[in-house]
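> Note that my numbering has the sequence shown beginning at 172, numbered continuously upward. Sharing a structure here in structure tokens format.
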Amino acid sequence: MGKKIANKIKGNFKYYYGTYFGKYNGYDISIRYDYASMLYNIYFNVKGSTNIDKLNKLLSKIDEYAVAKYNNNNLTITEACDSSKDIPNLANNILDEVTTYLGKNKYKNLCKMCGEESETFLVDIDGNVMYACDKCIRKTSEKYEKELEEKNSIKEDIFLGIIGAIVGCIPGLIIWFILSYLRIDPTVIGLIIMLGSAYFYRWFANSMKLPGLIISLLIGFVAIIFANEITNAYALYTDYVNQYNINIFDAYKAMPYYLGNNELFRSSYNQSLTLSIMFGIFGGLTNLGVYRRYIANNKIKKLEVK
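Now the structure itself:
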């Protein structure tokens, strides 16, 4: 759908990550639709007169619901739009009039990154699409290359990292056991356990590369499974402590019997284990995020807009 809409907008627009990008009459333009407010915005990076009363009068003749705002070299045209499908019909009229107005009033097109008047190119900087000049593209590439060299030079202390991951799980385990004691479902704390495993590993090891990612994930999941085991053992203990002279360790040893012979306990155990692992998987995204900072080579590439 996005590509079809882009093809209908004047200026050979392209669609990237929910935004339409194109050049029209010498100006860099991006268009984005807001489904919540049912408005769409046209963005320019231009330098010129801050008084845009005449532009707003011009827009009101085209559509009474179209308004221009100009601040810090950012010109934004906002217009009501019932559906993103209507963007081409609405935007094409405005693009003609606005770019003609900007040209007559000598507004200069600017690089979004440095704010200087220069030839710009549509560029993807690690998933961020924008218009930038060659100088900014080159500087950003050099910056990323330097950061990558620095990250590669950092040595990962795996032994200290293991200690860190274990220490990082402890706060989450404490909260888990407190919630379990209060009879509150603690499985969501799996997120905190994984977060602690990731950040404390990185802190102790000084970085996180592939071994660190695997180790921190394993320690985090082991901690979550351990917490779930203790929680279920405690549930057995509270159910039978008044009938038998047992402790939590006795309850833990009896868990295989109840898993095989008690449908209610087995169902409760499987449900808590499933939820615990599910939240652990979500929490594992933190580990992946930390790992990515130390191995990712931020990619910069120009995107062709003919």
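Beta carbons are placed, not taken as given, at the ideal position from N, Cα and C, and that holds for glycine.
(1) Would you kindly work out how many angstroms separate the C-alpha atoms of Ile-396 and Ala-406, rounded to a whole number?
(2) In this structure, how does DSSP classify Thr-247 when only helix, strand and coil are distinguished?
(3) Any idea if Ala-422 is buried or exposed, counting beta-carbon neighbours within 10 angstroms, 16 or more meaning buried?
(4) Smallest Cα separation from Asn-263: which of Leu-388, Gly-391, Ile-248?
(5) For Tyr-408, collect the residues of the same chain with a Cβ closer than 6 Å to its Cβ; drop the 5 residues on either side in sequence, then sort them by chain order.
(6) Residues in the same chain with beta-carbon distance under 7 Å from Lys-477, minus the five sequence neighbours each way, listed in chain order, please.
(7) Buried or exposed, going by whether 16 or more other CB atoms sit within 10 Å of the CB of Ala-207?
(8) For Phe-392, which option in Leu-456, Asn-403, Ile-364 has the closest C-alpha, if you only look at C-alpha atoms?
(9) How about the stretch 282 to 298 and the stretch 225 to 242: do they share at least three Cβ pairs that are nearer than 8 Å?
(10) Near Lys-240, what residues of its chain come up, given a Cβ to Cβ distance below 6 Å and the 5 sequence neighbours on each side ignored?
(11) Look up Cys-304 in the DSSP assignment and say whether it is helix, strand or coil.
(12) On the DSSP bridge assignment, give the partners of Ala-237 in chain order.
(13) Does the stretch 371 to 388 come close enough to the stretch 455 to 464 that 3 or more CB-CB pairs lie under 8 Å?
(14) From which residue to which residue does the alpha helix (DSSP H) around Gly-197 run?
(15) Which residue wins for smallest C-alpha separation from Thr-221, given the options Asn-245, Phe-292, Glu-400, Asp-205?
(16) Just checking my contact of Asp-297 with Lys-470 at CB under 8 Å: how many whole Å lie between their CB atoms?
(17) Determine the direct distance from the alpha carbon of Leu-381 to that of Phe-375, and round the result to whole angstroms.
(18) Does the distance from the CB of Ala-398 to the CB of Ser-368 come in under 8 Å?
(19) Which residue from Glu-321, Phe-292, Ser-443, Lys-275 puts its Cα closest to that of Ile-200?
(20) What does Asp-295 pair with, by DSSP beta-bridge criteria?
(21) From Ile-233 to Ile-213, what does the alpha carbon distance come to, in whole angstroms?
(22) With the cut-off set at 8 Å, would you say Tyr-195 and Thr-270 are in Cβ contact?
(23) Helix, strand or coil for Arg-464 per DSSP?
(24) Give the secondary structure of Lys-477 by DSSP, where H, G and I count as helix, E and B as strand, and everything else as coil.
Well, looking at it:
(1) The residue you call residue 396 lines up with position 225 of the sequence shown. The residue you call residue 406 lines up with position 235 of the sequence shown. Taking the straight line joining both Cα atoms gives about 15 Å.
(2) Sequence index remark: in the sequence shown, residue 247 carries index 76 (1-based). Strand.
(3) What you label residue 422 is simply residue 251 of the sequence shown in a count that begins at 1. Classification for Ala-422: buried.
(4) Here the question's residue 263 lines up with position 92 in the sequence shown. Comparing Cα-Cα distances from Asn-263 to each of Leu-388, Gly-391, Ile-248, the minimum goes to Ile-248.
(5) Within the sequence shown, residue 408 is the residue found at index 237, counting from 1. Taken in chain order, the residues that qualify are Ile-419, Ala-422.
(6) Taking the sequence shown and counting its residues from 1, one reaches residue 477 at position 306. Because the pLDDT of Lys-477 is 43, which lies under 50, any placement of that residue in the model is unreliable, and the question is left without a value.
(7) As a working note, residue 207 is residue 36 in the sequence shown. By the 16-neighbour rule on beta-carbons within 10 angstroms, Ala-207 is exposed.
(8) Within the sequence shown, the letter at position 221 stands for residue 392. Closest by alpha carbon: Ile-364.
(9) no
(10) The residue labelled residue 240 in the question sits at position 69 within the sequence shown. Hits under 6 Å: Thr-247.
(11) Sequence index remark: in the sequence shown, residue 304 carries index 133 (1-based). Correct three-state label for Cys-304: strand.
(12) For this step, residue 237 is matched to residue 66 along the sequence shown. Answer is Glu-250.
(13) yes
(14) To locate residue 197, count along the sequence shown from 1; it is residue 26. Under the DSSP assignment, Gly-197 falls outside any alpha helix (DSSP H); it carries neither an H nor an E label.
(15) On the sequence shown, residue 221 is found 50 positions in, with the first residue counted as 1. Among Asn-245, Phe-292, Glu-400, Asp-205, the Cα nearest to that of Thr-221 belongs to Asn-245.
(16) The sequence position of residue 297 within the sequence shown is 126, counting from 1. The sequence position of residue 470 within the sequence shown is 299, counting from 1. Going by Cβ atoms, the distance from Asp-297 to Lys-470 rounds to 6 Å, so yes, they are a contact pair.
(17) Within the sequence shown, the letter at position 204 stands for residue 375. Within the sequence shown, the letter at position 210 stands for residue 381. The alpha-carbon atoms of Phe-375 and Leu-381 are separated by roughly 15 Å.
(18) Taking the first residue of the sequence shown as position 1, residue 398 is located at position 227. Taking the first residue of the sequence shown as position 1, residue 368 is located at position 197. No, these two residues do not count as a Cβ contact at 8 Å.
(19) In the sequence shown, the residue the question calls residue 200 occupies position 29. Here the closest residue by C-alpha is Phe-292.
(20) The sequence position of residue 295 within the sequence shown is 124, counting from 1. Bridge partners of Asp-295: Val-300, Lys-472.
(21) Translated into positions along the sequence shown, residue 233 becomes position 62. Translated into positions along the sequence shown, residue 213 becomes position 42. Near 15 Å, if we compare the C-alpha coordinates of Ile-213 and Ile-233.
(22) Within the sequence shown, residue 195 is the residue found at index 24, counting from 1. Within the sequence shown, residue 270 is the residue found at index 99, counting from 1. A contact, by the Cβ cut-off of 8 Å.
(23) By 1-based counting over the sequence shown, the position of residue 464 is 293. DSSP places Arg-464 in helix when its eight states are reduced to three.
(24) Taking the sequence shown and counting its residues from 1, one reaches residue 477 at position 306. Note that Lys-477 has pLDDT 43, beneath the 50 cutoff, so the model's placement of it is unreliable and the number below is only indicative. DSSP places Lys-477 in coil when its eight states are reduced to three.
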